[in-house]
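Engineer:
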DNA sequence: CCTCGACTATGACCGTGGTCATAGTAGTCT
DNA sequence: AGACTACTATGACCACGGTCATAGTCGAGG
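Chains as they are written, first to last, in the UniProt record's numbering: chain B, 1 to 199; chain F, 1 to 199.
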């Protein structure tokens with residue numbers, strides 16, 4: 001991951017997301033975040049007066065924006081954009097990471113949900129917003145590829161649901177099998193939704 | 001949920017699963033489990049000398065068996081078994097719960113993974129085994145319905161991945177939309193895998 | 001009755017971690 | 001220089017929670 005050379009505030013949000021991804025929200029300490037971000041501990045209460053909840057919420061929001069940004073970049077990188085190609089790119093981001101760095105991390109939004117959905121209302125809303133941002137980006141990409149408007153939303157939901165679930169399975173099994181499986185199974189289904197253009 | 005009138009040990013495992021489902025592993029205290037199970041605190045160290053890890057592992061294992069058992073019961077309850085019907089039943093279990101009791105809980109296996117996958121190796125293995133048990137039951141059901149053997153496994157993985165992901169989305173959004181969407185989108189795909197029998 | 005095992009009951013210990021309080025530094029504007 | 005703001009630095013407080021130690025109950029068997 002590119003180490004953004006931004007200010008300490010952004011570095012802490014980024015570090016929080018990374019640590020949450022690996023250990024979950026509750027097991028991730030504020031002090032730990034500061035150390036990981038090479039930021040002074042005192043900055044935590046300065047930049048995040050709302051405490052841990054605020055930091056977590058911002059980390060979740062960052063993750064949502066990051067995922068949406070990736071979708072756009074995947075789209076731009078595809079020589080011939082197809083829904084299956086986009087989904088394959090999204091999945092490959094995970095298989096690449098798992099094969100290169102091991103199965104240490106999951107999705108930070110999922111982690112925040114599991115740990116905070118019931119206990120911290122603002123975090124649940126942040127997670128909802130993150131998914132919404134992400135799903136919106138995917139749906140928009142599908143529409144640009146020729147998927148009818150009323151089909152783009154449901155298919156985006158299906159893609160992200162499958163991906164999130166496959167991430168869980170892959171992490172449990174320490175094997176990318178589930179990820180490659182959903183990509184292979186869903187690819188043709190997604191492409192079938194593109195309205196025929198050329199014949 | 002039927003309150004099993006078993007011994008305190010099983011009640012504690014059941015309670016642990018329920019609490020983990022709602023709050024995650026780390027936020028669920030041992031004392032809390034004992035109270036919820038109406039079991040004496042002293043029984044914790046008696047029945048689970050391996051400590052919290054053992055309790056969590058057994059809760060995850062119980063959840064896997066429970067899910068697999070549900071699959072068989074869904075299958076038996078379907079007048080005319082089809083893959084889409086089975087998947088609809090699996091999804092409906094969640095929509096029913098969410099509509100009746102609110103969006104408080106997620107999948108305990110997912111929760112255990114998020115919180116412990118990296119920190120507690122035995123729990124990661126327990127989660128893997130739980131998914132395996134569950135996936136196996138689904139694959140077997142698909143095979144009985146006429147899905148070719150080499151297709152059953154991948155489709156079972158797809159079903160469980162989508163379901164797990166949709167649970168996350170539904171909980172975030174506090175709306176069963178994602179669950180009903182994946183059921184609707186995947187139904188025809190699953191049924192298409194049944195080899196034609198009658199024409 | 002005594003004992004032994006299974007189970008229950010509690011209090012103590014100790015690390016962890018979020019938060020708060022209080023200061024200290026550094027740069028800038030007047 | 002003085003003052004004001006932004007940021008850094010730390011120590012203390014306090015609650016929580018897993019674990020351990022110790023002891024109590026209670027039924028069965030001899």
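In this text, a Cβ means the ideal position worked out from N, Cα and C, and glycines have one as well.
Under DSSP, the alpha helix (DSSP H) around residue 74/F begins and ends at which residues?
Structural biologist: Residue 74/F -> alpha helix (DSSP H) spans 51-77.
Engineer: Of all the CB atoms in chain B, is at least one closer than 8 angstroms to the CB of residue 200/F?
Structural biologist: Any property of residue 200/F remains undetermined from this structure, which presents chain F solely from 1 to 199.
Engineer: Would you kindly work out how many angstroms separate the C-alpha atoms of residue 148/B and residue 76/B, rounded to a whole number?
Structural biologist: So the alpha carbons of these two residues sit roughly 20 angstroms apart.
Engineer: Taking the alpha carbon of residue 60/F as the reference point, which residue from 170/F, 20/F and 82/F has its own alpha carbon closest?
Structural biologist: Closest option to residue 60/F, Cα to Cα, is 20/F.
Engineer: Under 8 angstroms, do residue 169/F and residue 82/B count as touching if we go by C-beta distance?
Structural biologist: No, Cβ-Cβ distance for residue 169/F and residue 82/B is not below 8 angstroms.
Engineer: Confirm, please, whether the CB-CB distance from residue 153/F to residue 194/F is below 8 angstroms.
Structural biologist: Not in contact: residue 194/F and residue 153/F (Cβ atoms no closer than 8 angstroms).
Engineer: Please list the terminal residues of the continuous alpha helix (DSSP H) segment that includes residue 145/F.
Structural biologist: From DSSP, residue 145/F is part of no alpha helix (DSSP H); its letter is neither H nor E.
Engineer: Under 7 angstroms, CB to CB, which of the residues in the segment 120-141 of chain B have a partner in chain F?
Structural biologist: Of all residues in the segment 120-141 of chain B, 124, 127, 128 and 131 have a Cβ within less than 7 angstroms of some Cβ in chain F.
Engineer: Are the C-beta of residue 65/F and some C-beta of chain B separated by less than 8 angstroms?
Structural biologist: Not closer than 8 angstroms to any Cβ of chain B, the Cβ of residue 65/F fails to qualify, so no.
Engineer: Could you work out which residues of chain B lie near residue 162/F, taking near to mean beta carbons separated by less than 7 angstroms?
Structural biologist: Those within 7 angstroms of residue 162/F in chain B are 158, 161, 162 and 165.
Engineer: Tell me the rounded alpha-carbon separation between residue 110/B and residue 117/F.
Structural biologist: Roughly 13 angstroms between the two C-alpha positions.
Engineer: Compute the distance between the beta-carbons of residue 176/F and residue 95/F, then report whether it is under 8 angstroms.
Structural biologist: Yes.
Engineer: Between residue 142/B and residue 155/B, what straight-line distance do the alpha-carbon atoms span, to the nearest angstrom?
Structural biologist: Roughly 8 angstroms separates the two Cα atoms.
Engineer: Let me confirm a value: residue 3/F is counted as buried when at least 16 other C-beta atoms fall within 10 Å, else exposed. Which label applies?
Structural biologist: Because residue 3/F sits at a pLDDT of 41, beneath the cut-off of 50, its placement in the model cannot be relied upon, and the point is left open.
Engineer: May I ask you to list, following chain order, the residues of the segment 171-194 of chain B that have a beta carbon less than 8 angstroms from some beta carbon of chain F?
Structural biologist: Answer in chain order: 171, 172, 173, 174, 177, 178, 181, 182, 184, 185, 186 and 189.
Engineer: Between which two residues does the alpha helix (DSSP H) carrying residue 181/F extend?
Structural biologist: Start and end: 177-191.
Engineer: What would DSSP say about residue 157/F, mapped onto helix, strand or coil?
Structural biologist: Residue 157/F falls in the helix class under three-state DSSP.
Engineer: Does residue 115/F come within less than 8 angstroms of chain B when only Cβ atoms are used?
Structural biologist: So, interface residue.
Engineer: Applying the 10 Å Cβ sphere with the 16-neighbour rule, what's the burial state of residue 100/B?
Structural biologist: The residue in question, residue 100/B, is exposed, as its Cβ has fewer than 16 Cβ neighbours within 10 Å.
Engineer: Rounded to whole angstroms, what's the CA-CA distance from residue 191/F to residue 89/F? Just pull it up for me.
Structural biologist: Their Cα atoms are separated by approximately 14 angstroms.
Engineer: Note down the Cα distance separating residue 132/B from residue 29/F, rounded to an integer number of angstroms.
Structural biologist: Taking the straight line from one Cα to the other gives about 32 angstroms.
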